[in-house]
Ligand code: FES
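Residue numbers (the UniProt record's numbering): 2 to 654.
So, in structure tokens, the structure goes:
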């Protein structure tokens with residue numbers, strides 16, 4: 002072709018285009034990822050590109066001066082009013098005049114990469130359900146009896162190729178004044194369904210709006226609610242925040258909340274109101290923290306276990322308390338936030354809830370599968386999301402199994418005598434000298450051990466207040482390794498263990514970790530009751546994992562991933578000494594952080610990921626722990642530390 006050659010970097014896509022073709026047009030024809038909100042009108046500047054001049058042997062091109070058109074009036078007006086960065090041009094205005102190499106900077110790419118998946122090292126690109134579009138609408142006229150909405154729909158179809166656009170009554174009420182205020186030009190936020198081609202107008206602004214739109218990714222746990230506020234244009238996390246789930250006052254674990262609902266007429270409605278209020282509070286506080294208005298939040302994604310799922314939706318969870326554990330629906334849900342009583346965000350914000358896997362295996366487990374992708378792993382991976390309820394996945398490319406196990410809140414520091422949330426002042430790391438049986442520890446808020454210089458100064462304001470979840474796991478494992486605990490979990494007396502730190506308490510013993518009672522401070526001990534609570538929690542976790550291994554017909558797994566907001570802080574060695582997880586080479590045990598939360602962010606950032614997880618969930622085999630008799634056997638055997646019968650060859654090698 003004698004037409005000029007256009008080469009785009011970094012994609013390397015290239016093609017010949019007639020002189021006078023706008024760069025944005027060339028990019029679209031080649032499938033190059035170049036953004037536009039205003040549809041090429043020279044208003045939004047999302048289409049910025051950088052032309053390069055000189056010789057490019059790699060591309061076989063020499064770019065001469067004049068390869069792009071001179072600035073036209075539109076581009077010049079943008080330059081005068083707002084200013085472009087040195088070397089930048091507007092891709093919708095600059096046209097091809099000769100061979101040229103065009104770089105698309107990251108901020109001009111629609112599909113910026115945002116979330117990196119730890120397991121597969123794959124990145125997620127930005128392609129959210131809600132996008133902004135600038136559109137020019139025909140003015141009404143006496144001879145054309147169509148309504149304003151119909152003309153807006155027509156304009157979206159003609160200028161953006163978008164059909165099936167709907168608006169609710171509250172949007173309709175803003176439509177007429179907004180169109181007139183913007184002189185028939187408006188910016189709309191459109192929410193696209195991921196399984197169909199429908200679009201809903203979420204918000205409308207007069208003229209071209211620079212307003213940013215945001216989404217919330219919420220991991221709704223039984224004990225804590227954690228949220229990320231994400232910019233829907235570039236995926237940036239503007240703020241992260243969390244709070245305690247107020248439903249704790251109705252019961253610490255899920256089953257006690259289900260029984261609260263069974264015993265108290267209207268109890269489910271009380272719990273629904275409590276969690277919705279908390280999410281509304283969290284919405285307002287995270288918006289304030291991110292420096293935005295709550296109405297700029299146009300989308301929210303939830304991941305949660307089945308009981309929280311039902312309580313959030315206002316569905317009585319009573320069926321989840323008894324076999325066969327039927328869910329009201331296991332499918333993903335996409336519905337207006339206001340329908341769920343979530344009215345702190347934009348009044349037309351849309352909510353997406355990931356699908357549940359089964360009556361006991363929820364959308365949180367689906368979110369872990371989305372972020373860790375066990376179904377893409379060549380080796381057999383066990384993924385354990387540690388929380389009040391543990392979500393467990395076992396699988397590889399051939400098959401993925403899932404179950405959940407009721408560990409209770411002990412791992413999160415609840416039901417532990419000196420337990421507390423992971424916050425400044427909490428003991429998070431512990432070592433016990435196997436000879437002297439003396440402890441040293443680290444406290445959140447200081448990077449020093451308790452016997453190092455400067456520790457006292459670091460913690461002068463917080464003091465030492467208690468033990469958090471990772472601390473209690475280390476404490477029990479260290480006590481076992483120092484011989485203060487026997488295999489059955491019994492704490493020895495001072496005579497048996499040779500340390501005065503093993504103090505009698507009733508008919509049992511406690512290990513004294515830290516005593517500041519003389520100066521009015523706390524006395525922090527690990528009691529026999531604490532050990533028993535941890536044993537119950539870890540047995541439930543182990544038994545769930547073991548049940549999946551039985552189902553898969555294996556004795557060993559190739560690698561283990563510890564996930565969960567607090568899973569990231571657990572020492573893998575201590576988890577194995579305790580027998581929380583099956584034996585594996587220690588270097589094959591890794592932490593993935595809050596994988597469910599990451600899954601929620603992925604589903605918020607990329608609409609394709611929603612379809613993907615809905616497909617993956619259909620292929621996961623659910624294993625029901627509650628009715629499986631072998632679960633009880635595994636549970637009993639796993640009560641010993643690390644285990645009564647299963648060997649731990651890697652641990653003892
Ligand atoms: Fe909006 Fe070029 S596409 S300024």
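All C-beta atoms in this analysis are idealised placements derived from N, C-alpha and C, irrespective of residue type, glycine included.
With a threshold of 8 Å (Cβ to nearest heavy atom), would residue 80 be considered close to the ligand FES?
Taking the chain shown and counting its residues from 1, one reaches residue 80 at position 79. For the ligand FES, not one heavy atom lies less than 8 Å from the Cβ of residue 80.
Please state whether DSSP places residue 344 in a helix, a strand or coil.
Counting from 1 along the chain shown, the entry for residue 344 is found at position 343. DSSP places residue 344 in coil when its eight states are reduced to three.
Could you tell me which of 45, 124, 540, 589 sits nearest to residue 371, measuring between CA atoms?
Along the chain shown, read from residue 1 onward, the residue named residue 371 stands at position 370. Answer by Cα proximity: 124.
Does the ligand FES have a heavy atom nearer than 8 Å to the CB of residue 91?
Along the chain shown, read from residue 1 onward, the residue named residue 91 stands at position 90. Checking every heavy atom of the ligand FES against the Cβ of residue 91, one is found closer than 8 Å.
Assign residue 206 to one of three DSSP states: helix, strand, or coil.
If you number the chain shown from 1, residue 206 lands on position 205. Looking at residue 206 - three-state DSSP - the assignment turns out to be strand.
Are residue 647 and residue 547 touching if we call contact CB-CB under 9 Å?
For the purposes of this step, residue 647 is taken as the residue at position 646 of the chain shown. For the purposes of this step, residue 547 is taken as the residue at position 546 of the chain shown. Closer than 9 Å, so yes.
Backbone CA spacing between residue 103 and residue 22 [nearest angstrom]:
One-based indexing of the chain shown puts residue 103 at position 102. One-based indexing of the chain shown puts residue 22 at position 21. Distance between the alpha carbons of residue 103 and residue 22 is about 14 Å.
Whole-Å CB distance - residue 54 paired with residue 64, under 8 Å assumed:
If you number the chain shown from 1, residue 54 lands on position 53. If you number the chain shown from 1, residue 64 lands on position 63. That belief holds up - the Cβ atoms of residue 54 and residue 64 are roughly 5 Å apart, short of 8 Å.
Assigned secondary structure, residue 369 (DSSP; H/G/I helix, E/B strand, else coil)
Here residue 369 refers to the residue found at position 368 when the chain shown is read from its first residue. In the structure shown, residue 369 sits in a helix (DSSP, three-state: H, G or I).
Residue 734 versus residue 564: straight-line alpha-carbon distance, rounded
Absent from the model: residue 734. The displayed extent of the chain is 2 to 654, so no value can be given.
Using a 10 Å radius around the Cβ and a threshold of 16 neighbouring Cβ atoms, would you call residue 171 buried or exposed?
As a working mapping, residue 171 is identified with position 170 in the chain shown. Exposed.
I'd like to confirm something about residue 1: is its beta-carbon nearer than 8 Å to some heavy atom of the ligand FES, or not?
In the structure as shown, the chain starts at 2 and stops at 654, and residue 1 therefore has no counterpart that could be examined.
Residue 390 in three-state terms, based on DSSP
Locating residue 390 in the chain shown gives position 389, where the first residue counts as 1. Three-state result, residue 390: coil.
Is residue 234 near the ligand FES, going by C-beta to nearest heavy atom under 8 Å?
Counting from one through the chain shown, the residue named residue 234 turns up at place 233. No, the ligand FES has no heavy atom inside 8 Å of this Cβ.
Is it the case that the CB of residue 37 approaches a heavy atom of the ligand FES more closely than 8 Å?
As a position in the chain shown, residue 37 is number 36, starting the count at 1. Yes - the ligand FES has a heavy atom lying nearer than 8 Å to the Cβ of residue 37.
Where does the unbroken alpha helix (DSSP H) through residue 476 begin, and where does it stop?
Indexing the chain shown from 1 puts residue 476 at position 475. Start and end: 470-482.
Quick check: does the Cβ of residue 208 come within less than 8 Å of any heavy atom belonging to the ligand FES?
Numbered from its first residue, the chain shown carries residue 208 at position 207. Not so, every heavy atom of the ligand FES lies at least 8 Å from the Cβ.
Hey, how far is the Cα of residue 177 from the Cα of residue 139?
Residue 177 sits at position 176 when you count from the first residue of the chain shown. Residue 139 sits at position 138 when you count from the first residue of the chain shown. Looking at the two C-alpha atoms, the distance is approximately 13 Å.
Look at the alpha carbon of residue 78 and the alpha carbon of residue 331, and state the distance between them as a whole number of angstroms.
In the chain shown, counting from the first residue as 1, residue 78 sits at position 77. In the chain shown, counting from the first residue as 1, residue 331 sits at position 330. Between residue 78 and residue 331, the C-alpha separation is close to 54 Å.
Compute the Euclidean distance between the alpha carbons of residue 94 and residue 76, then round it to the nearest angstrom.
Position 93 of the chain shown, counted from the first residue, corresponds to residue 94. Position 75 of the chain shown, counted from the first residue, corresponds to residue 76. For residue 94 and residue 76, the distance between alpha carbons rounds to 6 Å.
So, does the region 156-171 touch the region 183-201, judging by three or more C-beta pairs under 8 Å?
yes
Residue range of the unbroken alpha helix (DSSP H) whose run includes residue 635
Your numbering for residue 635 matches position 634 in the chain shown. Counting along the chain, the alpha helix (DSSP H) containing residue 635 begins and ends at 630-638.
Between the region 153-162 and the region 207-225, do three or more beta carbon pairs fall short of 8 Å?
no
Classification of residue 83 by the beta-carbon crowding that lies within 10 angstroms, buried from 16 upward:
Locating residue 83 in the chain shown gives position 82, where the first residue counts as 1. Looking at its Cβ environment, which holds fewer than 16 other Cβ atoms inside 10 Å, residue 83 is exposed.
Whole angstroms is fine: what's the gap from residue 321's alpha carbon to residue 254's?
Numbered from its first residue, the chain shown carries residue 321 at position 320. Numbered from its first residue, the chain shown carries residue 254 at position 253. Rounded to the nearest angstrom, the two C-alpha atoms are 13 Å apart.
Going by the beta-carbon positions, is the gap between residue 525 and residue 510 smaller than 9 Å?
The count along the chain shown starts at 1 and reaches residue 525 at position 524. The count along the chain shown starts at 1 and reaches residue 510 at position 509. The answer is no: Cβ separation not under 9 Å.
Kindly provide the ranges of any beta strand (DSSP E) runs that are 3 or more residues long and lie completely inside the region 542-614, ordered along the chain.
560-564, 590-594
Could you check where the alpha helix (DSSP H) with residue 456 kicks off and where it finishes?
Taking the first residue of the chain shown as 1, we reach residue 456 at position 455. Here the alpha helix (DSSP H) through residue 456 covers 456-459.
Short check: CB of residue 416 to CB of residue 544, under 9 Å?
Here residue 416 is taken as the residue at index 415 of the chain shown, counted from 1. Here residue 544 is taken as the residue at index 543 of the chain shown, counted from 1. No, they are not a contact pair.
Burial state of residue 575 (16 or more Cβ within 10 Å)
Here residue 575 refers to the residue found at position 574 of the chain shown. The residue is buried, with at least 16 neighbouring Cβ atoms inside 10 Å.
Sorry if obvious, but does the Cβ on residue 25 come closer than 8 Å to a heavy atom of the ligand FES?
Taking the chain shown and counting its residues from 1, the one referred to as residue 25 is at position 24. At least one heavy atom of the ligand FES is nearer than 8 Å to the Cβ of residue 25, so yes.
Could you tell me how far apart the beta carbons of residue 99 and residue 50 are, in whole angstroms, since I believe they sit closer than 8 Å?
Walking along the chain shown from the start, residue 99 turns up at place 98. Walking along the chain shown from the start, residue 50 turns up at place 49. Not a contact, Cβ separation roughly 16 Å.
Is it right to say residue 1 is buried, meaning 16 or more other beta carbons lie within 10 angstroms of its own, or is it exposed?
Coverage of the chain is limited to positions 2 through 654, which leaves residue 1 absent and any answer about it impossible.
Is there contact here, the region 202-212 with the region 240-251, by at least three beta-carbon pairs under 8 Å?
no
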